[in-house]
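Asks:
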Amino acid sequence: MNPHAKLISTMSLAMGTSITISSNHWVLAWTGLEINTLAIIPLISKSHHPRAIEATIKYFLTQSTASALILFSSLTNAWSSGQWDITQLNHPTSSLMLTMAIAIKLGLVPFHFWFPEVLQGSSMTTALLLSTLMKLPPITLLTMTSQSLNPALLTLLAISSVLVGGWMGLNQTQTRKILAFSSISHLGWMIVIIIYNPNLTILTFALYTIMTTTVFLSLTHIKVLKLSTMLISWTKTPMLNSTVMLTLLSLAGLPPLTGFMPKWLIIQELTKQEMTPTATIITMLSLLSLFFYLRLAYHSTITLPPNSSNHMKLWRTHKTLNAPMAILFILSTSLLPLSPLIITTF
406 MNPHAKLIST MSLAMGTSIT ISSNHWVLAW TGLEINTLAI IPLISKSHHP
456 RAIEATIKYF LTQSTASALI LFSSLTNAWS SGQWDITQLN HPTSSLMLTM
506 AIAIKLGLVP FHFWFPEVLQ GSSMTTALLL STLMKLPPIT LLTMTSQSLN
556 PALLTLLAIS SVLVGGWMGL NQTQTRKILA FSSISHLGWM IVIIIYNPNL
606 TILTFALYTI MTTTVFLSLT HIKVLKLSTM LISWTKTPML NSTVMLTLLS
656 LAGLPPLTGF MPKWLIIQEL TKQEMTPTAT IITMLSLLSL FFYLRLAYHS
706 TITLPPNSSN HMKLWRTHKT LNAPMAILFI LSTSLLPLSP LIITTF
């Protein structure tokens with residue numbers, strides 16, 4: 406890809422995200438979302454592979470539908486209330502349309518079918534952007550309108566996302582698809598609490614971004630795209646594979662790693678809101694995603710493949726953790742144990 410085109414796309418992504426998360430007017434927020442959509446399309450299709458072109462078309466069609474719904478929702482709300490302020494979403498139909506539009510943009514169940522396919526057709530770096538940065542503007546819009554949303558609908562979307570994200574990730578062999586269903590499952594945890602504690606949703610998203618970035622960068626560094634390749638990667642990069650294993654266990658939410666903290670706080674908040682059945686259901690359903698995280702962790706640290714592999718043996722190179730990856734790894738695994746020290750210090 407042309408470096409100038411890549412620079413323009415990257416700057417447009419940053420600008421579109423900044424416009425959306427800092428705006429109070431519906432038209433400005435919609436403009437930022439459109440800039441984001443147009444900026445990521447060249448990055449998805451840059452390989453010119455038929456799968457990448459297919460992923461680009463799927464992404465464009467779904468995001469265009471969601472953007473049209475957001476615009477229609479804001480117009481309906483402005484027609485009934487005379488307000489273009491994002492926080493003044495008072496019309497029930499507008500609230501319902503906005504929830505559906507954001508669910509499409511985020512890839513929540515039942516609008517999740519595009520997300521794994523688009524990630525599979527993208528490069529690892531673009532898949533990282535789709536899983537983290539591109540989720541920030543829609544989640545910000547949901548946070549700003551959280552007081553006007555339907556709690557029952559959001560709870561249903563959240564439970565369905567945790568269920569489907571864990572269930573459909575069980576039999577996947579491509580790492581990008583596994584991480585796509587991981588993203589869907591984590592989004593369910595964020596959505597279930599957004600009405601009662603929006604700040605907790607932002608915290609969960611921030612920690613998910615740190616952990617997912619660590620996994621994507623590590624897999625990119627050791628060039629792993631599927632589980633069969635991961636089986637023979639331990640002998641090349643044992644340190645990086647150990648990093649991937651611990652970060653995956655953190656994504657699964659196992660204590661005392663960082664990923665346990667948001668799930669612990671969400672369950673605590675749901676219990677305070679007298680939503681103990683919901684907390685119990687999503688906790689039990691998260692065991693499904695725990696299974697494929699453990700499967701990935703096992704594949705990343707196994708020293709010998711259990712059967713003959715058809716993959717060409719790769720040259721062993723002396724790859725070590727660079728400084729940004731080391732910092733991300735520490736944050737992905739040690740933030741919860743270090744939190745008492747941080748609180749007492751500051």
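For the sequence shown, this note's numbering begins at 406 and goes up steadily by one. All C-beta atoms, glycine included, are put in the ideal place defined by N, C-alpha and C.
1. So the alpha helix (DSSP H) I615 belongs to, where does it begin and stop?
2. Return the chain-ordered list of same chain residues with a C-beta closer than 6 Å to the C-beta of T442, the five sequence neighbours on each side being excluded.
3. Could you have a look at Q579 and say whether DSSP puts it in helix, strand or coil?
4. Just verifying my parser: in three-state terms, what is the DSSP assignment at H453?
5. Does the distance from the CB of E674 to the CB of L605 come in under 8 Å?
6. Hey, F697 and G574: beta-carbon distance below 8 Å or not?
7. For P521, does the count of other Cβ atoms within 10 angstroms reach 16, so buried, or fall short, so exposed?
8. If you pair each beta-carbon of the segment 510-524 with each one of the segment 585-595, do three or more pairs fall below 8 Å?
9. Give me, in chain order, the residues of the same chain whose beta-carbon lies closer than 7 Å to that of I615; leave out the 5 immediate sequence neighbours on both sides.
10. By a C-beta neighbour count over all protein chains shown, 10 Å radius and 16 as the cutoff for buried, is V597 buried or exposed?
11. So is S479 buried or exposed if we call it buried at 16+ other beta carbons inside 10 Å?
12. Helix, strand or coil for F751? Go by DSSP, reduced to three states.
13. Hey, would you say the C-beta of P742 is under 7 Å away from at least one heavy atom of the ligand SAH?
14. With DSSP as the reference, please indicate the residues paired to K631 in a beta bridge.
15. Report the residue from T642, V523, M689 whose alpha carbon sits nearest the alpha carbon of G658.
16. In terms of residue numbering, what span does the alpha helix (DSSP H) encompassing V514 cover?
17. Might you give, ordered along the chain, the residues of its own chain that have their beta carbon closer than 6 Å to the beta carbon of T625, omitting 5 neighbours on each side?
18. Around the C-beta of N525, are 16 or more other C-beta atoms found within 10 angstroms, so that it is buried, or is it exposed?
19. Between the alpha carbons of A471 and V523, how many angstroms are there, rounded?
20. What would DSSP say about K409, mapped onto helix, strand or coil?
21. Go ahead and pull the three-state DSSP assignment for H430.
22. By Cβ distance below 6 Å, which residues in the same chain neighbour L653 in space, the five residues on each side in sequence not counted?
23. When you compare only the Cα positions, how much space is there between S551 and I564?
24. Cβ atoms of S553 and L494: under 8 Å apart, would you say?
25. Assuming A519 is part of the alpha helix (DSSP H), what are its boundary residues?
26. Tell me which same chain residues have a C-beta within less than 7 Å of the C-beta of T436, skipping the five on either side of it?
27. Ordered along the chain, which non-local residues of its own chain (more than five positions away) have a Cβ less than 6 Å from that of S632?
28. Whole angstroms is fine: what's the gap from L503's alpha carbon to I491's?
29. Judging by CA-CA distance, which residue of N576, T642, P682, L538 is the nearest neighbour of L612?
30. Please determine, among A457, P682, I544, the residue with the shortest C-alpha to C-alpha distance to L806.
31. Please classify L692 as buried or exposed, where buried requires at least 16 neighbouring CB atoms within 10 angstroms.
32. If L534 sits next to L448, beta carbons under 8 Å apart, how far is it from one beta carbon to the other, in whole angstroms?
Replies: Inspection of the coordinates gives the following:
1. First-last of the alpha helix (DSSP H) with I615: 603-627.
2. So the qualifying residues of the chain are Q468.
3. Judged by DSSP in its simplified three-state form, Q579 adopts strand.
4. In this structure, H453 counts as coil in the three-state DSSP scheme.
5. With contacts defined by Cβ atoms closer than 8 Å, E674 and L605 form a contacting pair.
6. Contact: yes.
7. Classified as buried, P521 has 16 or more neighbouring CB atoms from the shown chains inside 10 Å of its CB.
8. In short, these stretches touch, since the Cβ pair count reaches three.
9. Contacts found: L733, L736, S737.
10. Classified as buried, V597 has 16 or more neighbouring CB atoms from the shown chains inside 10 Å of its CB.
11. The residue is buried, with at least 16 neighbouring Cβ atoms inside 10 Å.
12. Caution is warranted here: a pLDDT of 42 is assigned to F751, below 50, making its placement in the model unreliable, and no coordinate value can be reported.
13. This structure lacks the ligand SAH; in fact it carries no ligand of any kind.
14. The bridge partners DSSP lists for K631 are Q579.
15. The option with the nearest alpha carbon to G658 is M689.
16. Per DSSP, V514 belongs to no alpha helix (DSSP H) and is neither H nor E.
17. Short of 6 Å from the beta carbon of T625, and not among the five residues preceding or following it, lie these beta carbons of its own chain, in chain order: M529.
18. Per the sequence presented here, residue 525 reads as Gln, with Asn not at that position. Per the 10 Å Cβ criterion, buried.
19. So the two alpha carbons sit approximately 16 Å from each other.
20. A small fix is needed here, since residue 409 is His in this sequence, not Lys. If DSSP states are grouped into helix, strand and coil, H409 belongs with the helices.
21. Looking at H430 - three-state DSSP - the assignment turns out to be strand.
22. Contacts found: Y698, L701, A702.
23. Going from the Cα of S551 to the Cα of I564 covers about 18 Å.
24. Yes, they are a contact pair.
25. Residue 519 is actually Trp in this sequence, not Ala. Unbroken alpha helix (DSSP H) run through W519: 519-525.
26. Only I424 meet the Cβ criterion.
27. The sequence shown places Leu at residue 632, rather than the Ser named in the question. So the qualifying residues of the chain are T578, H704.
28. Approximately 11 Å, taken between the alpha carbons.
29. Measuring from the Cα of L612, the nearest candidate turns out to be L538.
30. This structure cannot speak to residue 806, because the chain is shown only from 406 to 751.
31. It counts as exposed.
32. Sure, about 7 Å apart at Cβ, within 8 Å.
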